[in-house]
Amino acid sequence: MGAVGSTSPPAWSDVPHGRRVELPGRGTTFVREVAGPPGAPTVVLLHGLLATAALNWSGCYAPLGAHFRVLAPDHRGHGRGLRTRARFRLADCADDVVALADALGVSTFVAVGYSMGGPIAQLLWHRHPDRIQGLVLCATGRDFRGHPRQRVAFDALGVAGVAARLTPPLVWRVGERFAAPRAGGSERARWQWSEFRRNDPVKMIEAAQTLGRFTSRDWIGRVDVPATVVVTGHDRLVPPERQRKLAAAIPGATVREIDGDHAVVVWEPHRFAPVLLDACLDVTRRVPTTVSTC
Numbered sequence: 117m118g119a120v121g122s123t124s125p126p127a128w129s130d131v132p133h134g135r136r137v138e139l140p141g142r143g144t145t146f147v148r149e150v151a152g153p154p155g156a157p158t159v160v161l162l163h164g165l166l167a168t169a170a171l172n173w174s175g176c177y178a179p180l181g182a183h184f185r186v187l188a189p190d191h192r193g194h195g196r197g198l199r200t201r202a203r204f205r206l207a208d209c210a211d212d213v214v215a216l217a218d219a220l221g222v223s224t225f226v227a228v229g230y231s232m233g234g235p236i237a238q239l240l241w242h243r244h245p246d247r248i249q250g251l252v253l254c255a256t257g258r259d260f261r262g263h264p265r266q267r268v269a270f271d272a273l274g275v276a277g278v279a280a281r282l283t284p285p286l287v288w289r290v291g292e293r294f295a296a297p298r299a300g301g302s303e304r305a306r307w308q309w310s311e312f313r314r315n316d317p318v319k320m321i322e323a324a325q326t327l328g329r330f331t332s333r334d335w336i337g338r339v340d341v342p343a344t345v346v347v348t349g350h351d352r353l354v355p356p357e358r359q360r361k362l363a364a365a366i367p368g369a370t371v372r373e374i375d376g377d378h379a380v381v382v383w384e385p386h387r388f389a390p391v392l393l394d395a396c397l398d399v400t401r402r403v404p405t406t407v408s409t410c
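Note that the working numbering has the sequence shown beginning at 117, numbered continuously upward.
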């Protein structure tokens, strides 16, 4: 493992410092950490598409850190995460997380995924079941192409991917057009925009394309660890009914609901964090005592 310095978060936020970690044979990634109480179980926070660990989970670190060791990596192509010429794959993101856990000496953990982080968490259980103590799946589903409008949108990403390779700044202009009106001009909003700009625009398109192809329908019913699904009740990107179908497909899964849209974790973290904490506590309470929580 090799740490290459750390970064300073904004003074007003609860975002912890981060550091670079070398993953043997894979590259260098970036993780934010909260030590948590001695002997506490570990939760690994997996952010969504277009986000970073800081942007997605700001406001959640302090509440979770009172009960858990918290690790929050930037996925490959996102933020300060691993950079590679290989095409973006969700399975590689899942394997990156296990490599990070190995580098940090973490044997088992609860995988907490938001939006795109949900499929990554599901793949972690599917590919590395011995490492996963539980799942917390937020604003996510078994797949992302159910509605005809969504199928058209994902199909259009092939053209967008070519455009991004030719003119990456175009991606930022489009993002700014849609994000800026909601962000406003506050210091926090400027920081959020700067985090978004750390993403590789080509990898964002590739990530969206592979997300559109993801499905866990054939195997999600075999999940054998405690799971909680956090449903965002006014979500137009991942409709609540699809999130509830995910919960119904996982044996013994519980559900927590929040009155918010798909971006509630970013724009209203003070409302989302207590729900997330409750979900994580629910899952860890149901982890068999014979399973190590180191």
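In this text, a Cβ means the ideal position worked out from N, Cα and C, and glycines have one as well.
Practice task
Note down the Cα distance separating residue 366 from residue 224, rounded to an integer number of angstroms.
Solution key: 20 Å
Practice task
Quick one: using the 10 Å Cβ neighbour count with 16 as the cut-off for buried, is residue 133 buried or exposed?
Solution key: exposed
Problem - Enclosing alpha helix (DSSP H) for residue 469 [first to last residue] - result: In the structure as shown, the chain begins at 117 and stops at 410. Residue 469 is therefore absent and cannot be evaluated.
Practice task
Might you give, ordered along the chain, the residues of its own chain that have their beta carbon closer than 8 Å to the beta carbon of residue 405, omitting 5 neighbours on each side?
Solution key: none
Exercise for the section: Return the chain-ordered list of same chain residues with a C-beta closer than 8 Å to the C-beta of residue 282, the five sequence neighbours on each side being excluded. Expected result: The predicted model places residue 282 with a pLDDT of 45, which falls under 50 and marks its position as unreliable; any figure quoted below should be read in that light. Within the same chain, residue 282 has no close Cβ partners at all.
Problem - Chain-order list of residues whose beta-carbon lies under 7 Å from that of residue 314 (same chain, five-residue window excluded) - result: 168, 195 and 196
Exercise for the section: Could you check what DSSP says for residue 181 in three-state terms: helix, strand or coil? Expected result: helix
Exercise for the section: Verify whether the separation of the beta carbon atoms of residue 150 and residue 185 is less than 9 Å. Expected result: Yes. Within cutoff.
Practice task
Could you check what DSSP says for residue 371 in three-state terms: helix, strand or coil?
Solution key: strand
Problem - Endpoints, alpha helix (DSSP H) assigned at residue 213 - result: 206 to 220
Problem - residue 260: CB within 8 Å of a non-hydrogen atom of the ligand ZN - result: For the structure depicted, the ligand ZN is absent and the ligand set is empty, with no information on it obtainable.
Handout entry: Where residue 138 sits in the DSSP three-state scheme
Key = strand
Practice task
List the whole-angstrom C-beta distance separating residue 188 from residue 161, where the pair is believed to meet the contact cut-off of C-beta under 8 Å.
Solution key: Between residue 161 and residue 188 the Cβ distance is about 4 Å, and since that is below 8 Å, they are a contact.
Problem - Among 156, 322 and 386, nearest to residue 232 - alpha-carbon criterion - result: Looking from the CA of residue 232, the closest CA among 156, 322 and 386 belongs to 322.
Exercise for the section: Run the CB neighbour count on residue 164, radius 10 Å, all protein chains shown included, and call it buried at 16 or more, exposed below. Expected result: buried
Problem - Euclidean distance between Cα positions of residue 182 and residue 342 - result: 21 Å
Handout entry: N- and C-terminal bounds of the alpha helix (DSSP H) containing residue 148
Key = Not the alpha helix (DSSP H): residue 148 falls in the beta strand (DSSP E), residues 143 to 150.
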